[in-house]
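Novice:
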Amino acid sequence: MSGCEVFNKVILTDFLEANRQELRRWVQDEGSSSLDWTPYLQHVCKLEGRGYTWTEKAAKLRKAITDILPIDVLLPQPIAPGAIPSAGADCLVTSYCLEAACPDVATYKKALSNIGTLLQPGGHLLLLGDLWESFYYASPEEKLPVLTLNEPPGSLHSASRGEDLRVNQYRIAEEHTMNTVSFYVF
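In the working numbering, the protein residues as written are 2 to 187.
(1) Does the pairing of the region 18–25 with the region 54–73 give three or more beta-carbon distances under 8 Å?
(2) Could you tell me how far apart the beta carbons of C92 and H125 are, in whole angstroms, since I believe they sit closer than 8 Å?
(3) State the CB to CB distance for the pair L75 and A102, rounded to an integer number of angstroms; the pair is presumed to be in contact (CB under 8 Å).
(4) With respect to the alpha helix (DSSP H) encompassing A112, which residues constitute its N-terminal and C-terminal limits?
(5) On the CB-based measure, 16 or more other CB atoms within 10 Å of its CB, does N9 come out buried or exposed?
(6) In terms of residues, what are the limits of the beta strand (DSSP E) holding A139?
(7) Locate the alpha helix (DSSP H) running through L48, then write down its first and last residues.
(8) Work out the CA separation of K64 and P153 for me, nearest whole Å.
(9) Keeping to the same chain, check which residues put their C-beta closer than 8 Å to that of R25; ignore five residues upstream and five downstream.
(10) Would you report the Cα separation of K61 and T95, rounded to the nearest angstrom?
(11) Counting only runs of 4+ residues fully inside the region 12–100, write out the alpha helix (DSSP H) ranges in chain order.
In structure tokens:
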């Protein structure tokens, strides 16, 4: 969401066609989307402190999104050829995705290498996730397993070592606070 403040071209990706269709419905803003991003947009607006309303932020984000593409991080070429500039992307963001796609650390390392090929030299990869997480709830009834990364910061450092990716900054939240935007069970 904050990327639209820095980049005028944002490409979204997802493995599942159903998810890509839902994202397209949200971007088209025709009222047919089942996604309500209002609480997330409000939260981001508050964090950024730029004075935007959430509706202004949504409009700016929709304008910046230029494409919604399939991706498979387990493939050496995760996105179709020509889908992104040949020089590579300035920045990639993965949020709680690699842990769900990768059954073990070796696969995680390979996925990092695969998505690293999409970056231009000097580009940035932002990895967002939870350490020590072993599952998440897709719904109150559906518990999905994820790869547990439990060696901070070693697991990410070792995963990126030798893959032309370098950890510039690594932060762990100092305290757990109640998340009012997402549903988590600890």
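Note that CB positions come from ideal geometry on N, CA and C, so glycine has one too. These figures come from a predicted structure and were not determined experimentally.
Specialist: In this structure, then:
(1) yes
(2) 5 Å
(3) 6 Å
(4) 106–117
(5) exposed
(6) Under the DSSP assignment, A139 falls in the beta strand (DSSP E) whose first and last residues are 136–140.
(7) Per DSSP, L48 belongs to the alpha helix (DSSP H) from 39–49.
(8) Caution applies to P153, whose pLDDT of 47 falls short of 50 and renders its modelled position unreliable; the value that the coordinates give is listed next. Between P153 and K64, the C-alpha separation is close to 37 Å.
(9) I69
(10) 21 Å
(11) 18–29, 39–49, 55–65
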